[in-house]
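Asker: For the record, the sequence lines run as chains E and A.
With our numbering, letter number 83 in the first sequence gets 108, and the count goes up by one each step, no holes.
With our numbering, letter number 274 in the second sequence gets 287, and the count goes up by one each step, no holes.
Each residue gets a CB set at the ideal place from its N, CA and C atoms; glycine is no exception.
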Amino acid sequence: MLGVGTGPEGSVATRATPAALPLGREDRDALAVLVSVQGLGPMTLDRLLERVGSPAEALSIAGAAGGADALIEATLDAESTWRSMPRAVADAIVAAAGRRSEILDGIGRLDLRILALGDPEYPARLAAIEIPPAALFVRGSATALTATTSVAVVGTRRPTEPGRRIASRIGASLARAGALVVSGLAVGIDGAAHAAVIAEQGPTVAFIGSGHGRLFPAVHDRLADAIVDAGGAIVSEYAPETEATKGTFPRRNRLISGAADAVIVVEAGAKSGALLTASWALEQGRECFVVPGSIDAPMSAGCLGFLRDWPGLVRVVAGVPQLLEDLGLAGAAAFPRPTVLTTPTSRVRPAAPEAILAAAVAGDREVAAALLAGAVIVDELVAVTGLAVGTVLGALTRLEAAGFVSGSHGRYRLEGALAARPPEGRGMPSERVPPAA
Amino acid sequence: MLATLLSATLIALDGRVIRVEVDVAPGLPGFTIVGLADVGIREARERVRGALRNAGFVHPPRRITVNLAPADLPKTGTSADLAIAIGILVGSEQFTPRAGRAALIGELSLGGEVRSVPGLLPMVLALARRGVGRVVVPADGADEARLVPGVEILSVGSIPEAVDALRARRRASPRPPDRVELATPGQLDAPDDGAPSIVPLPPDTPDLADVRGQAEARRALEIALAGGHGLLLIGPPGTGKTMLARTIPGLQPPLEEEEAVTATIVASVSAEGPIRGLVRRAPFRAPHHTSSYAAMVGGGPALAPGEVTRADHGVLFLDELAEFSRDVLEALRQPLEDGRITIVRARGAVTLPARFQLIAAMNPCPCGHAGGEGGACICGQGVPERYVGRISGPLRDRIDLWVGMPRVPSRAMLLGHEPEPSSAVAARIATARVRQLARPGRTLNARISGRMLRATARLSPADQAKLVALSELEQLSGRGTERLLRVALTIADLENADAVIAPHLEEAARWRVPSARPLLALAV
Chain E
26 MLGVGTGPEG SVATRATPAA LPLGREDRDA LAVLVSVQGL GPMTLDRLLE
76 RVGSPAEALS IAGAAGGADA LIEATLDAES TWRSMPRAVA DAIVAAAGRR
126 SEILDGIGRL DLRILALGDP EYPARLAAIE IPPAALFVRG SATALTATTS
176 VAVVGTRRPT EPGRRIASRI GASLARAGAL VVSGLAVGID GAAHAAVIAE
226 QGPTVAFIGS GHGRLFPAVH DRLADAIVDA GGAIVSEYAP ETEATKGTFP
276 RRNRLISGAA DAVIVVEAGA KSGALLTASW ALEQGRECFV VPGSIDAPMS
326 AGCLGFLRDW PGLVRVVAGV PQLLEDLGLA GAAAFPRPTV LTTPTSRVRP
376 AAPEAILAAA VAGDREVAAA LLAGAVIVDE LVAVTGLAVG TVLGALTRLE
426 AAGFVSGSHG RYRLEGALAA RPPEGRGMPS ERVPPAA
Chain A
14 MLATLLSATL IALDGRVIRV EVDVAPGLPG FTIVGLADVG IREARERVRG
64 ALRNAGFVHP PRRITVNLAP ADLPKTGTSA DLAIAIGILV GSEQFTPRAG
114 RAALIGELSL GGEVRSVPGL LPMVLALARR GVGRVVVPAD GADEARLVPG
164 VEILSVGSIP EAVDALRARR RASPRPPDRV ELATPGQLDA PDDGAPSIVP
214 LPPDTPDLAD VRGQAEARRA LEIALAGGHG LLLIGPPGTG KTMLARTIPG
264 LQPPLEEEEA VTATIVASVS AEGPIRGLVR RAPFRAPHHT SSYAAMVGGG
314 PALAPGEVTR ADHGVLFLDE LAEFSRDVLE ALRQPLEDGR ITIVRARGAV
364 TLPARFQLIA AMNPCPCGHA GGEGGACICG QGVPERYVGR ISGPLRDRID
414 LWVGMPRVPS RAMLLGHEPE PSSAVAARIA TARVRQLARP GRTLNARISG
464 RMLRATARLS PADQAKLVAL SELEQLSGRG TERLLRVALT IADLENADAV
514 IAPHLEEAAR WRVPSARPLL ALAV
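(1) Residue range of the alpha helix (DSSP H) that Pro474(A) falls in?
(2) Got a sec, what are the start and stop residues for the alpha helix (DSSP H) Ser20(E) sits in?
(3) Would you give the residue range spanned by the beta strand (DSSP E) that Glu266(E) belongs to?
(4) What is the DSSP secondary structure of Ala307(A), counted as helix, strand or coil?
(5) Applying the 10 Å Cβ sphere with the 16-neighbour rule, what's the burial state of Val438(A)?
(6) Specify, as a first and last residue, the run of the alpha helix (DSSP H) that Thr503(A) falls within.
(7) Locate the beta strand (DSSP E) running through Asp27(A), then write down its first and last residues.
(8) Counting contacts by CB-CB distance shorter than 8 Å, is Pro419(A) in contact with chain E?
(9) Three Cβ pairs or more, each shorter than 8 Å: is that satisfied between the segment 281-297 of chain E and the segment 172-180 of chain E?
(10) With a threshold of 16 other CB atoms inside 10 Å of the CB of His301(A), please say whether the residue is buried or exposed.
(11) Residues in its own chain within less than 7 Å of Ala357(E) by CB, not counting five upstream and five downstream?
(12) Indicate the three-state DSSP secondary structure (helix, strand or coil) for Leu183(E) in the structure shown.
(13) Check the Cβ-Cβ distances between Val12(E) and every residue of chain A, and say whether any is below 8 Å.
(14) Just to make sure I have the definition right: I need the residues of chain A whose C-beta is within less than 7 Å of the C-beta of Ile402(E). Which are they?
(15) If the criterion is Cβ atoms closer than 8 Å, does the pair Val4(A) and Val310(A) meet it?
(16) Can you pull the chain E residues whose beta carbon is under 7 Å from the beta carbon of Leu486(A), in chain order?
(17) Cβ closer than 8 Å: which chain A residues qualify as neighbours of Ser235(E)?
(18) Report yes or no: is there a C-beta of chain E within less than 8 Å of the C-beta of Ile504(A)?
(19) Does Val407(E) get closer than 8 Å to chain A when you measure Cβ to Cβ?
(20) Can you give me the start and stop residues for the beta strand (DSSP E) that Thr355(A) sits inside?
(21) With DSSP run on the structure shown, which of helix, strand or coil describes Arg403(A)?
(22) To the nearest angstrom, report how far apart Asp202(A) and Gly286(A) are at their CA atoms.
(23) With respect to the beta strand (DSSP E) encompassing Ile97(A), which residues constitute its N-terminal and C-terminal limits?
(24) Nearest to His245(E) by CA position, among Ser261(E), Ile139(E), Gly213(E) and Pro275(E), is which residue?
(25) Thr22(A) and Thr78(A) look like a contact to me (Cβ under 8 Å); what is the Cβ gap, rounded to whole Å?
(26) Quick one: list the residues of chain A neighbouring Ser433(E), beta-carbon separation under 7 Å, in chain order.
(27) Skipping 5 residues on each side, what residues in its chain have a beta carbon closer than 7 Å to that of Val30(A)?
(28) Which of the three DSSP states is assigned to Pro422(A) in this structure?
(29) Which residue wins for smallest C-alpha separation from Gly435(E), given the options Asp177(A), Val127(A), Gly417(A) and Ala175(A)?
(30) Could you tell me the distance, in whole angstroms, from the CA atom of Leu280(E) to the CA atom of Val339(E)?
(31) With a threshold of 16 other CB atoms inside 10 Å of the CB of Asp321(E), please say whether the residue is buried or exposed.
(32) Asn278(E): buried (16+ other C-beta within 10 angstroms of its C-beta) or exposed?
(33) On the three-state DSSP scale, how would you describe Ile402(E)?
(34) For Arg323(A), which residues in the same chain have their Cβ closer than 7 Å to its Cβ, ignoring the five residues on either side in sequence?
(35) Going along the chain, which residues of the segment 282-316 of chain E sit with their C-beta nearer than 9 Å to a C-beta in chain A?
(36) Which residues in the same chain have their Cβ closer than 8 Å to the Cβ of Phe314(E), if we skip the five residues on either side of it in sequence?
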């Protein structure tokens with residue numbers, strides 16, 4: 026259904042049982058090596074493990090003389106020969122067995138934890154999806170994904186400025202309500218959601234479409250560090266040296282929806298990959314929300330189209346407090362905030378609390394207020410504040426140094442705690458304290 | 014009989030004195046010119062023949078040999094026409110000149126009129142250096158030639174006038190033969206204005222009051238012109254980059270005396286029209302991005318000055334910087350470093366001045382819309398960064414101010430104050446420049462040495478700490494930190510402040526090289 030790939034008939038029924046048990050260290054390492062093999066898909070890997078018993082056994086077969094032939098023999102179908110693994114794959118497994126220590130060293134260098142299907146820490150939500158990854162490579166807190174409530178916030182890589190602000194507000198509100206925010210580390214909506222959670226010092230998990238050693242997008246390396254420092258995790262089902270390709274992202278999207286109880290699409294163009302995540306959510310039986318927009322807005326076309334295609338299945342975000350209520354999180358914000366699990370390293374600046382702004386010089390506060398009111402370029406800031414151009418520019422540098430503002434191409438936007446602040450004075454319900462349930 | 018006269022030719026921006034020897038000897042009629050003459054000079058035979066006849070003189074049916082000495086110096090152009098013609102008249106004894114050294118410069122028309130030549134000023138300068146006291150020059154170049162002190166300038170409009178000026182005893186010139194005039198002489202290159210010493214503003218120069226919005230870029234332009242800093246405007250098409258740059262001629266302060274002499278020589282050699290006095294208007298050159306290497310650095314057989322030289326002491330504006338060919342941009346390295354350009358030819362090398370200020374504009378990416386809201390930019394990820402990355406290191410280092418120009422929504426244009434006119438901004442720029450040039454070293458902040466910069470900035474310990482904090486924040490190299498301080502010093506100069514303080518540094522920090530991601534922002 027939904028036009029997204031599903032496994033062959035009966036694939037779930039024939040899933041191997043050995044992998045469902047907690048693995049020993051030897052088997053876990055062997056599994057990581059097997060997952061690193063290019064061309065060895067989940068179905069073939071399953072069948073191989075089913076026949077030979079364990080990952081370590083599979084590797085030892087590969088390491089022995091005539092390993093490739095033995096592997097092909099092991100995966101030979103009982104009735105016909107066409108389902109056996111191709112020779113190229115068998116050769117690749119043999120080669121990987123030879124590079125075993127090199128592969129494991131690489132994983133160790135990146136400080137990755139291997140979670141195998143069946144491990145107690147393996148996220149229960151993911152174990153329940155169709156074709157769960159045999160292994161997950163986790164950087165950061167492996168337990169972050171075990172949160173009671175987990176919500177995915179996804180969207181376009183080319184958001185509008187209001188769309189970005191909405192993603193920030195939703196991310197921050199979810200974090201304050203104690204929910205885990207899951208997303209894909211992409212530029213745009215994903216990044217804004219992650220960053221907003223970090224500004225709240227909350228945990229967030231990013232599923233990436235590449236190996237950890239080839240982080241994509243590279244410009245988010247600092248964001249990835251910050252996620253780990255704030256007690257979250259970066260998770261990949263790909264071996265560390267896997268390059269991101271066109272095909273890795275759709276496959277990754279099923280994990281974002283699978284690891285969440287609900288998926289929220291903030292902005293999506295007509296052909297956005299975020300809609301794929303939403304489709305997976307419906308298929309996996311997750312709640313699916315879209316933020317509606319004008320029918321003329323290109324970045325709302327995908328959201329509205331999805332809403333139209335799946336009437337009754339997709340819900341609408343009517344406001345941030347309403348969303349929290351729909352998710353059953355209202356009132357939860359009264360609970361104490363989650364504490365930071367690890368101390369931030371020097372590479373990442375702590376998100377500035379709003380209190381710092383109150384102590385700032387008057388001009389800086391005026392410029393920040395103008396940005397909150399929707400000003401984007403210096404012309405608007407000068408017109409709204411009435412300050413000299415030089416003064417506005419100096420204020421922007423100070424706000425930037427404090428972590429409240431960032432700018433590029435002559436456009437400025439709010440960051441940190443200010444990014445998640447809702448527009449003021451429009452008769453909107455407060456998002457700071459959601460109504461008690 | 015042999016006649017020897019002086020004239021001059023041009024090598025790049027330098028005049029060179031040449032000796033014109035004309036031998037009118039018995040024998041089969043003929044006319045030969047020797048002495049490394051280029052095509053322009055060899056064609057002088059035909060011009061001289063026609064000019065003499067139509068001015069009422071006789072082109073003698075004798076064996077005429079012209080030697081241009083020194084024989085090893087390549088000679089170009091038409092400046093020796095007049096000297097050759099007068100040499101023939103003297104050699105064939107059609108008149109007797111009075112004694113004393115005199116030089117003649119000018120091109121001849123077939124009708125015997127004397128026309129001006131490019132580079133008159135440096136040629137007269139060269140003659141003056143060699144102690145020549147009298148120079149015969151074309152009438153329409155007389156003002157230019159009179160800029161050289163200590164030389165008697167004899168301004169002539171035709172061969173008969175030249176003969177009269179040189180003749181020992183007054184006598185009527187022969188009557189010229191009849192002619193039909195359909196084109197009045199001088200009609201094509203008549204002086205178009207009476208402005209004595211300043212080249213007028215180009216007529217299409219917009220005033221800053223006409224530029225709405227872009228407060229950030231206007232401020233950057235003011236700082237750049239005040240301190241002589243390199244400036245790069247980056248923004249989508251239609252945001253006013255070119256419009257803003259075209260206001261520059263109305264903002265540049267007039268040239269200093271010494272600069273004006275060079276500018277006038279360059280204008281003279283480039284034949285930019287009649288020169289009535291010293292050129293005080295700072296040059297503003299805006300070559301198109303399809304300009305060739307030779308057009309940019311100079312060259313050709315006559316070693317004509319290129320755009321970098323013509324922009325000496327002024328602004329070289331490169332629109333669509335990323336579209337210029339790599340060779341052309343690489344050629345800017347030397348002038349940006351030393352303020353000179355060396356053109357090497359098989360026969361030798363010449364070095365020309367090229368102390369220009371670089372101002373450039375470009376789109377942020379190939380499609381032009383990067384940094385805009387929503388899905389405006391259709392370039393792939395990383396493409397905008399690579400596009401801006403085409404600007405190579407040496408060029409980058411010379412750009413002190415990088416400015417992103419956003420699309421200004423019309424509501425912001427309506428909100429804004431009435432924009433300042435050019436005259437107000439130009440006044441501040443001029444004052445800031447006076448401050449800089451009054452300091453020891455007499456250089457603009459853009460070219461001040463690192464030691465001088467720190468001495469002039471007079472940072473307090475607290476502001477020193479601020480500078481360190483800002484450069485750490487922005488991960489600036491040593492060079493980047495110096496650039497920040499340099500720009501801050503110009504901002505202080507614009508405010509008439511005697512020391513650089515924190516607000517100057519904070520404003521200067523805005524003009525950094527753009528990075529792939531917004532500074533400190535976690536998410537892009």
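Answerer: Here's the rundown:
(1) Translated into the one-based positions of the second sequence, residue 474(A) becomes position 461. It spans Pro474 to Leu486 - the alpha helix (DSSP H) in which Pro474(A) sits, taken as one unbroken run.
(2) Absent from the model: residue 20(E). The displayed extent of chain E is 26 to 462, so no value can be given.
(3) Within the first sequence, the letter at position 241 stands for residue 266(E). No beta strand (DSSP E) holds Glu266(E); DSSP gives it neither H nor E.
(4) Position 294 of the second sequence, counted from the start, is the residue given in the question as residue 307(A). Helix.
(5) Taking the first residue of the second sequence as 1, we reach residue 438(A) at position 425. Counting Cβ neighbours within 10 Å, Val438(A) comes out buried, since at least 16 surround it.
(6) As a working note, residue 503(A) is residue 490 in the second sequence. From DSSP, the alpha helix (DSSP H) with Thr503(A) extends over Gly491 to Leu507.
(7) What you label residue 27(A) is simply residue 14 of the second sequence in a count that begins at 1. Looking at the DSSP string, the run of the beta strand (DSSP E) that includes Asp27(A) is Asp27 to Ala38.
(8) If you number the second sequence from 1, residue 419(A) lands on position 406. Answer yes: the Cβ-Cβ gap between Pro419(A) and chain E drops below 8 Å somewhere.
(9) yes
(10) As a position in the second sequence, residue 301(A) is number 288, starting the count at 1. The residue in question, His301(A), is exposed, as its Cβ has fewer than 16 Cβ neighbours within 10 Å.
(11) By one-based count along the first sequence, residue 357(E) stands at place 332. Unreliable positioning characterises Ala357(E) in this predicted model, as indicated by a pLDDT of 46, which lies under 50. A coordinate reading is not provided.
(12) Here residue 183(E) corresponds to residue number 158 of the first sequence, with the count starting at 1. With the sequence shown as reference, residue 183(E) is identified as Arg, and Leu is not the correct amino acid for it. The answer is coil: DSSP assigns Arg183(E) none of H, G, I, E or B.
(13) With chain E represented from 26 up to 462, any question about residue 12(E) goes unanswered, as that position is not in the structure.
(14) Counting from 1 along the first sequence, the entry for residue 402(E) is found at position 377. Ordered by position in chain A, the residues that pass the 7 Å Cβ test against Ile402(E) are Pro419, Val421 and Ala425.
(15) Because residue 4(A) is not part of the residues shown, which for chain A are 14 to 537, the question remains open.
(16) Counted from its first residue, the second sequence places residue 486(A) at position 473. Ala426, listed in chain order.
(17) Locating residue 235(E) in the first sequence gives position 210, where the first residue counts as 1. Going along chain A, no residue has its Cβ under 8 Å from Ser235(E), so there is no contact; the nearest lies around 13 Å.
(18) Locating residue 504(A) in the second sequence gives position 491, where the first residue counts as 1. Yes, contact with chain E.
(19) Along the first sequence, one-based indexing puts residue 407(E) at 382. So yes, Val407(E) belongs to the interface.
(20) Locating residue 355(A) in the second sequence gives position 342, where the first residue counts as 1. First-last of the beta strand (DSSP E) with Thr355(A): Arg353 to Arg358.
(21) Residue mapping note: residue 403(A) aligns to position 390 of the second sequence, counting from 1. Here Arg403(A) sits in coil by DSSP.
(22) Here residue 202(A) refers to the residue found at position 189 of the second sequence. Here residue 286(A) refers to the residue found at position 273 of the second sequence. In this prediction, Asp202(A) scores a pLDDT of 45, lower than 50, which makes its location untrustworthy; the coordinate-derived value is nonetheless stated afterwards. For Asp202(A) and Gly286(A), the distance between alpha carbons rounds to 8 Å.
(23) In the second sequence, residue 97(A) corresponds to position 84, counting from 1. In the DSSP annotation of this structure, Ile97(A) is not part of any beta strand (DSSP E); the continuous alpha helix (DSSP H) holding it starts and ends at Asp94 to Gly104.
(24) For this step, residue 245(E) is matched to residue 220 along the first sequence. Among Ser261(E), Ile139(E), Gly213(E) and Pro275(E), the Cα nearest to that of His245(E) belongs to Gly213(E).
(25) Position 9 of the second sequence, counted from the first residue, corresponds to residue 22(A). Position 65 of the second sequence, counted from the first residue, corresponds to residue 78(A). With 8 Å as the limit, Thr22(A) and Thr78(A) do not qualify as a contact, their Cβ atoms being about 19 Å apart.
(26) In the first sequence, counting from the first residue as 1, residue 433(E) sits at position 408. Correct list: Gly384, Gly417, Pro527 and Pro531.
(27) Against the second sequence, residue 30(A) aligns to sequence position 17. For Val30(A), where only same-chain residues beyond five positions count, the Cβ hits under 7 Å are Leu19, Ala21, Ala139, Leu140 and Arg143.
(28) Here residue 422(A) corresponds to residue number 409 of the second sequence, with the count starting at 1. Coil.
(29) Working through the first sequence from its first residue, we reach residue 435(E) at position 410. The option with the nearest alpha carbon to Gly435(E) is Gly417(A).
(30) On the first sequence, residue 280(E) is found 255 positions in, with the first residue counted as 1. On the first sequence, residue 339(E) is found 314 positions in, with the first residue counted as 1. Roughly 19 Å between the two C-alpha positions.
(31) Here residue 321(E) corresponds to residue number 296 of the first sequence, with the count starting at 1. The residue is exposed, with fewer than 16 neighbouring Cβ atoms inside 10 Å.
(32) Mapped onto the first sequence, residue 278(E) falls at position 253. Under this definition Asn278(E) is a buried residue.
(33) Counting from one through the first sequence, the residue named residue 402(E) turns up at place 377. The answer is strand: DSSP assigns Ile402(E) an E or B state.
(34) To locate residue 323(A), count along the second sequence from 1; it is residue 310. Sequence-distant Cβ neighbours of Arg323(A) in its own chain, meaning closer than 7 Å and more than five residues away, are Val279, Ser283, Pro296 and Arg298.
(35) Going along the segment 282-316 of chain E in chain order, one finds Glu292 and Gly294 with a Cβ nearer than 9 Å to chain A.
(36) Within the first sequence, the letter at position 289 stands for residue 314(E). For Phe314(E), where only same-chain residues beyond five positions count, the Cβ hits under 8 Å are Ala287, Val288, Ile289, Val290, Val339, Arg340, Val341, Val342, Leu348 and Asp351.
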